[in-house]
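2 protein chains.
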Amino acid sequence: MRRRGHHTAPVFAALGDDTRWSILVRLGWEPASASELARELPVSRQAIVKHLEVLRTVGLVRTRRSGRSIVHEVEGARLDEVGRNLRGIAAAWDRRLEGIRSIAEERG
Amino acid sequence: MRRRGHHTAPVFAALGDDTRWSILVRLGWEPASASELARELPVSRQAIVKHLEVLRTVGLVRTRRSGRSIVHEVEGARLDEVGRNLRGIAAAWDRRLEGIRSIAEERG
DNA sequence: CGCATGTGCAACGCTGGAGTTGCACAAGGG
DNA sequence: CCCTTGTGCAACTCCAGCGTTGCACATGCG
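Protein chains in written order, with full-length UniProt numbering: chain H, 1 to 108; chain X, 1 to 108.
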């Protein structure tokens, strides 16, 4: 199986990393460039760049040019969408849980 | 930073792995022992055991003895709790998003 | 224009996590 | 009681992902 497809939700993987989470939080506060982030966070610029690439891939971050630097900012819509997805999953689990409970009860 | 604390949410890491997701889904359908799961899924029993350990650690799976085998089953309450947490996070993001929007708008 | 600053690219190191194999031990079931 | 079946433990391989460093290239600011 060895983590190839991640058919479940690639977003979970993105959210699973601390650094990426930090970046996301930081960008949530205010848009910034890679170099800027590299100065504020305890990781190299390249690391930041790669994380931004991941975040951009899952659609959580958007890129925009400003002057000679490239500013990255949180993609509000996608953020909201992910939120809804999470809610959906929770709801599905609730339903599944309900099912499990029924079965358990009718067996008990 | 190197993924040590995972202060964000250890659950995300658990949910990020495909095999673990499969196990969880399978157990959601019906409780099973490690050997049983190993027969049904394309991974060794030991791999299953380790994944179950992880799932048990984050509280998503509960363990129970039955005959000479150890049956693992989904922890309904925890499942529900995680669902609520996810909703909470989504809500927080919504609020944050709202904040970002306000700032963006007042900046013009 | 030239220098400072930002980005792009490539190669590399390192660790953790996923998975495997092999064997020893435990304990019901017949 | 024995043998089948299930679990426990340990050592090992493998690799994807995080992070680094070094250098080349781009570009705007003064």
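Glycine included, C-beta positions come from ideal geometry on N, C-alpha and C. Keep in mind it's a predicted model, so treat the numbers as computed, not measured.
Is the Cβ of arginine 62/H closer than 9 Å to any Cβ of chain X?
Counting from one through the first sequence, the residue named residue 62/H turns up at place 62. No, its Cβ sits nowhere closer than 9 Å to a Cβ of chain X.
Output yes if chain X places a C-beta closer than 9 Å to the C-beta of alanine 32/H; else output no.
Numbered from its first residue, the first sequence carries residue 32/H at position 32. Chain X contact via Cβ: absent.
If contacts are defined as beta-carbon pairs under 8 Å, then valine 71/H and serine 33/H qualify, I think. What distance do you get, rounded to the angstrom?
Position 71 of the first sequence holds residue 71/H. Position 33 of the first sequence holds residue 33/H. That belief holds up - the Cβ atoms of valine 71/H and serine 33/H are roughly 6 Å apart, short of 8 Å.
With which residues is histidine 72/H paired in a DSSP beta bridge?
Translated into the one-based positions of the first sequence, residue 72/H becomes position 72. In the DSSP output, where bridge partners are listed per residue, histidine 72/H has Ala32/H, Thr63/H.
For glycine 59/X, would you say it is in contact with chain H, using Cβ-to-Cβ distances shorter than 9 Å as the test?
Sequence index remark: in the second sequence, residue 59/X carries index 59 (1-based). Answer no: the Cβ-Cβ gap between glycine 59/X and chain H never drops below 9 Å.
Please classify glutamate 40/X: is it buried, with 16 or more other beta-carbons within 10 angstroms of its beta-carbon, or exposed?
Numbered from its first residue, the second sequence carries residue 40/X at position 40. Counting Cβ neighbours within 10 Å, glutamate 40/X comes out exposed, since fewer than 16 surround it.
Own chain, CB closer than 6 Å to methionine 1/X, minus 5 neighbours either side, in chain order
By one-based count along the second sequence, residue 1/X stands at place 1. Here the model assigns methionine 1/X a pLDDT of 49, short of 50, so the residue's position is not dependable, and the following value carries that caveat. The answer is none, since no qualifying residue turns up.
For glycine 16/X, return the contacting residues in chain H, with the cut-off set at a CB-CB distance below 7 Å.
By one-based count along the second sequence, residue 16/X stands at place 16. Under the 7 Å cutoff, chain H gives Phe12, Ala13, Gly16.
Under 9 Å between C-beta atoms, does histidine 6/X make it to chain H?
Numbered from its first residue, the second sequence carries residue 6/X at position 6. For histidine 6/X, the predicted structure reports a pLDDT of 43, less than 50, and the residue's modelled location is therefore unreliable. A value from the coordinates is still provided. Closer than 9 Å: yes.
Under three-state DSSP, which class holds isoleucine 89/X?
The sequence position of residue 89/X within the second sequence is 89, counting from 1. Isoleucine 89/X: helix per DSSP, three-state reduction.
Regarding threonine 57/X and the ligand COA, is the C-beta to nearest heavy atom distance less than 8 Å?
The ligand COA is not among the ligands present in this structure, which contains no ligands whatsoever.
Residue-chain proximity (glycine 67/H, chain X), Cβ-Cβ < 9 Å
For the purposes of this step, residue 67/H is taken as the residue at position 67 of the first sequence. Chain X contact via Cβ: absent.
I'd like the list of long-range same chain contacts for glutamate 75/X, defined as Cβ closer than 7 Å, with 5 residues on each side in sequence excluded.
One-based indexing of the second sequence puts residue 75/X at position 75. Within the same chain, glutamate 75/X has close Cβ partners Gly59, Leu60, Val61, Arg62.
Suppose contacts are defined by Cβ-Cβ distances below 9 Å. Is alanine 13/H in contact with glycine 16/X by that definition?
As a working mapping, residue 13/H is identified with position 13 in the first sequence. As a working mapping, residue 16/X is identified with position 16 in the second sequence. Cβ distance < 9 Å, so alanine 13/H and glycine 16/X count as in contact.
From which residue to which residue does the alpha helix (DSSP H) around valine 11/X run?
The residue you call residue 11/X lines up with position 11 of the second sequence. That run of the alpha helix (DSSP H) goes 10-16.
Where does valine 43/H sit, in a helix, a strand or coil, going by DSSP?
Within the first sequence, numbered from 1, the residue matching residue 43/H stands at position 43. Of the three classes helix, strand and coil, the one that applies to valine 43/H here is coil, per DSSP.
Specify the secondary structure class of valine 58/X as computed by DSSP and reduced to three states.
Along the second sequence, one-based indexing puts residue 58/X at 58. In the structure shown, valine 58/X sits in coil (DSSP, three-state: anything other than H, G, I, E or B).
Rounded to a whole number of angstroms, what is the C-alpha to C-alpha distance between alanine 38/H and proline 42/X?
One-based indexing of the first sequence puts residue 38/H at position 38. One-based indexing of the second sequence puts residue 42/X at position 42. Spanning the two alpha carbons is a distance of roughly 42 Å.
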